[in-house]
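**Student:** Line by line, the protein sequences give chains A and B. The opening residue of the first sequence carries number 1 in our numbering; numbering runs sequentially from there. The opening residue of the second sequence carries number 1001 in our numbering; numbering runs sequentially from there. Dumping the structure here so I can ask a few things about it.
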Amino acid sequence: MEEDNLNEMKEMILKYVIKEYIDDDDTTITYETPLISSGYVDSFSMVSLLVFLENKFKIKIPPSKATPEAFDSVNNIVALVNQYLNK
Amino acid sequence: MSYSEKTKNLYLSQLTDIRNAGIFKEERFIHSSQAADIEVEFPSGSDLKRVINMCSNNYLGLSSHPEVIRAAHDGLESRGYGMSSVRFICGTQDLHRELENKVTEFLGTEDTILFPSCMDANAGVFEAILTSEDIMISDRLVHASIIDGMRLCSAQHDTFKHSSMEHLEEKLLLHSDKRLKLVITDGVFSMDGDTARLDEMVKLCEKYDALLLVDDSHASGFIGKTGRGTHELCNVMGKIDIITTTFGKALGGASGGCVSGRKEIVEMCRQKARPYLFSNTIAPVIVSGVLKVFDILSASTERRDKLERNAAFWRKGLTDAGFILKEGNTPIVPVMLFNAKLSQDFSKDLYNEGIYAIGFFFPVVPNGQARIRTQISAGHEMHHLETALEKFIKVGKKQGILGLTKEQIIEKFGL
Chain A
1 MEEDNLNEMK EMILKYVIKE YIDDDDTTIT YETPLISSGY VDSFSMVSLL VFLENKFKIK
61 IPPSKATPEA FDSVNNIVAL VNQYLNK
Chain B
1001 MSYSEKTKNL YLSQLTDIRN AGIFKEERFI HSSQAADIEV EFPSGSDLKR VINMCSNNYL
1061 GLSSHPEVIR AAHDGLESRG YGMSSVRFIC GTQDLHRELE NKVTEFLGTE DTILFPSCMD
1121 ANAGVFEAIL TSEDIMISDR LVHASIIDGM RLCSAQHDTF KHSSMEHLEE KLLLHSDKRL
1181 KLVITDGVFS MDGDTARLDE MVKLCEKYDA LLLVDDSHAS GFIGKTGRGT HELCNVMGKI
1241 DIITTTFGKA LGGASGGCVS GRKEIVEMCR QKARPYLFSN TIAPVIVSGV LKVFDILSAS
1301 TERRDKLERN AAFWRKGLTD AGFILKEGNT PIVPVMLFNA KLSQDFSKDL YNEGIYAIGF
1361 FFPVVPNGQA RIRTQISAGH EMHHLETALE KFIKVGKKQG ILGLTKEQII EKFGL
């Protein structure tokens, strides 16, 4: 994937995560911030993120791959999306 | 023996991790009945200390009420100690059904089923009424027992931002293709003390054809003008499909819980809810006590009215003194300290001053939102509250936080 497209995707996912999950203005989220293991996103809330990714990037992520580890940072999510974009 | 040294060390290492994380829980032994004044042994082995209890769920002061105790004695004498059976074999007495009818009448629902606890009610209800074709949409701050219940259920799950009706509506739209949609909330949120916006939730559920479940454990008996709960407060009695609640807090404080609501949903629980099917229900002695509690509450609103006055006094006193409180209109009054260590030091100082109130921090509450959670009771007399307020102010001055903003406290103590 082109560098520009990759950065655009990262930014888009980061924006979604902040809008969907972060209520507190004091919280700063980066591409590396652990989302689930740090308690920002609980595992029950992942379904929205999954639906967002599938709709936005026109992909289908199998439930077995939508693990807390795969969703634990924006970088991990981008890697996951890339696997299915390239298929 | 299969408990090898390796296995033992595995657990010891995990326990050390819990200690190092500062979240190791220690029990404090109370040598008296549950009340506003209690005698506590803490740490274990130390002399008894008489303290004012500011952290129990004994909202109506009924845990040690003489009429409730007498009724429990009567139940013990007339119906025995235990049932030695689950409900559907030979574990149902007339009193169990009488209590179910009484709860139904009190909450204004169609039917009720008892569970050994509200934890069990929440563990059983979801899998009894939903399948993988359905979706559960819960407020992000619901109680841990609801989270566990949802985990045991094959339905899909999603969440909405705490009390955000806009976000809930987005989620109802997102999942409009599901067979059944169940919206789930606490009535009163136990850590923040705020109440769910049930009137708006009912409207949204009607608009999007969703069911609504409310856990009213921190509300039943005292929220609303006659204490029916948050559905009374929000003028939506008869419109909540499922209410789960406990007898382990305001309603006598012993144990037991229930699912109350639509007749068919209650019947589904009776047929399918595993904690009901595979565990004894509430013991006769407790059923008798809870029946008396409902008699007391149906005869007069005096206790919930006193609780409301006490909570208003306490909230105003702390606010005037310069503490930061979570906004709310319930007897749960969280004093915000933000820093985890400060919350522990503050609790320790209070205890030394004769006030029993616990500090909570991450992961029990969100990171950077450590607090002392105070809980007011109708069992508190004005002298209890005045003394507690005086001691809170003394410790607040010692820690130098009175009148400070959130930012100033964080600057002083860190997050």
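A virtual CB, placed ideally from N, CA and C, is assigned to each residue, including glycine. Quick caveat: nothing in here was measured; it's all calculated off a predicted structure.
Which first and last residues belong to the alpha helix (DSSP H) in which B:Glu-1169 is found?
**Tutor:** 1165-1174
**Student:** With burial defined as no fewer than 16 other Cβ atoms inside 10 Å of the residue's Cβ, what is the status of B:Thr-1226: buried or exposed?
**Tutor:** exposed
**Student:** Mind checking who B:Cys-1258 pairs with in its DSSP beta bridge?
**Tutor:** B:Leu-1114, B:Thr-1245
**Student:** Does any residue of chain A have a CB that is nearer than 8 Å to the CB of B:Glu-1084?
**Tutor:** Note that residue 1084 of chain B is Ser in the sequence shown here, rather than Glu. For B:Ser-1084, the answer is no, since every Cβ of chain A falls outside 8 Å of its Cβ.
**Student:** Per DSSP, what kind of secondary structure is A:Ser-73 in: helix, strand or coil?
**Tutor:** Residue state, collapsed to three classes: coil.
**Student:** Just to confirm the assignment, what range does the alpha helix (DSSP H) spanning B:Ser-1288 have?
**Tutor:** 1284-1299
**Student:** Using a Cβ-Cβ cut-off of less than 9 Å, list which residues of the region 8-39 of chain A approach chain B; keep chain order.
**Tutor:** Glu-20, Tyr-21, Asp-23, Asp-24, Asp-26, Thr-27, Ser-38, Gly-39
**Student:** Would you list, in chain order, the members of the region 41-70 of chain A that have their beta-carbon closer than 8 Å to a beta-carbon of chain B?
**Tutor:** Asp-42, Phe-44, Ser-45, Val-47, Ser-48, Val-51
**Student:** In this structure, does DSSP put B:Leu-1048 in helix, strand or coil?
**Tutor:** It is a strand residue.
**Student:** Could you work out which residues of chain A lie near B:Pro-1363, taking near to mean beta carbons separated by less than 8 Å?
**Tutor:** Gly-39
**Student:** Quick one: Cα of B:Phe-1323 to Cα of B:Lys-1406, how far?
**Tutor:** 10 Å
**Student:** Cβ atoms of B:Met-1201 and B:Val-1188: under 8 Å apart, would you say?
**Tutor:** no
**Student:** Which class does B:Thr-1185 belong to by DSSP, given the choice of helix, strand or coil?
**Tutor:** strand
**Student:** At the level of alpha carbons, what is the spacing between A:Pro-62 and B:Gly-1221?
**Tutor:** 46 Å
**Student:** Could you tell me whether the Cβ of B:Thr-1159 comes closer than 8 Å to any Cβ of chain A?
**Tutor:** yes
**Student:** I need the DSSP call for A:Ile-59, collapsed to helix, strand or coil.
**Tutor:** coil
**Student:** Compare the C-beta of B:Ser-1117 with all C-beta atoms of chain A and state if any pair is closer than 8 Å.
**Tutor:** no
**Student:** For B:Ile-1282, collect the residues of the same chain with a Cβ closer than 6 Å to its Cβ; drop the 5 residues on either side in sequence, then sort them by chain order.
**Tutor:** The residues are Leu-1114, Gly-1256.
**Student:** To the nearest angstrom, how far is it from the Cα of B:Val-1086 to the Cα of B:Leu-1277?
**Tutor:** 7 Å
**Student:** Here's a check: name, in chain order, each residue in its chain whose Cβ is nearer than 6 Å to the Cβ of B:Met-1336, leaving out the five neighbours to either side.
**Tutor:** Ile-1324, Arg-1371, listed in sequence order.
**Student:** With the cut-off set at 8 Å, would you say B:Ser-1145 and B:Asn-1122 are in Cβ contact?
**Tutor:** yes
**Student:** If you measure beta-carbon to beta-carbon, which residues of the region 1125-1145 of chain B are closer than 8 Å to chain A?
**Tutor:** Ser-1138, Arg-1140
**Student:** Keeping to the same chain, check which residues put their C-beta closer than 6 Å to that of B:Gly-1061; ignore five residues upstream and five downstream.
**Tutor:** Ser-1377, Ala-1378, Gly-1379
**Student:** Under 8 Å, Cβ to Cβ, is there at least one residue of chain A near B:Gly-1257?
**Tutor:** no
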